[in-house]
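What follows is a single structure, written as structure tokens, with notes after it.
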Amino acid sequence: MEIEQPAGMVIDIERMDIKIWIGDRQMELKKIEYKLTVCKVADASDIDMAADFYFVGKTDEEVSLVCRTEDTPAKTVERDDGWRGFRIQGVLDFSLIGILSKLSGILAEHEIGIFAISTYNTDYILVKEENFARALNVLAAEGYCVV
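Start counting the sequence shown at 3; every next residue gets the next number (our numbering).
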């Protein structure tokens, strides 16, 4: 017997199976298969804009970059290697509330720190490499489908 819970959670009493839903589909977390680096660069021109995966954040104080470790610019102001990540699969509607908060809260309860990135389509969560498998296992146990 399934019981509908708030925020799109379904609990199957017989199997004690928990699934998290967005609308009519189970929320999937897609693993990013490569190692990532978070760094600061002095100038955006140091970034390889032809790379297939990167995120740039520019403010009046800094230029931050998240990229594949092998694509990290030679010249960085600061650099932190050893990150792994996953994204919420699909395009998230801006009217959806609390998705990133729920994920980060679950990880915080298990003392797993995150680096979060939001794009127009979806959210990405990065964790240190030594916590990656544990983070995915914790989230799977909470009803998220990890692919």
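Ideal placement from N, C-alpha and C gives every residue a C-beta, glycine not left out.
Pull the bridge partners of Arg70 from the DSSP assignment, please.
Its beta-bridge partners are Leu38.
C-alpha distance - Lys104 paired with Cys147, whole-angstrom precision
Per the coordinates, the alpha-carbon of Lys104 lies some 15 angstroms from the alpha-carbon of Cys147.
Report buried or exposed for Phe55, applying the criterion of at least 16 other Cβ atoms within 10 angstroms of its Cβ.
That one is exposed.
In three-state DSSP terms, what is Ile101?
Secondary structure at Ile101: helix, using DSSP grouped into helix, strand and coil.
Cα-Cα separation between Thr78 and Glu64, rounded to whole angstroms
Their Cα atoms are separated by approximately 12 angstroms.
Alpha carbon to alpha carbon, how far is Glu111 from Asn139? Give it in angstroms, no decimals.
Cα-Cα distance, rounded: 14 angstroms.
Under the three-state reduction of DSSP, which class applies to Ala76: helix, strand or coil?
Here Ala76 sits in coil by DSSP.
Put Asp48 into one of helix, strand or coil per three-state DSSP.
In the structure shown, Asp48 falls within a helical segment according to DSSP collapsed to helix, strand and coil.
Closest by CA to Asp50, which one among Gly145, Glu131, Asp62, Ala76?
The option with the nearest alpha carbon to Asp50 is Ala76.
DSSP state of Gly87, grouped into three classes?
Looking at Gly87 - three-state DSSP - the assignment turns out to be strand.
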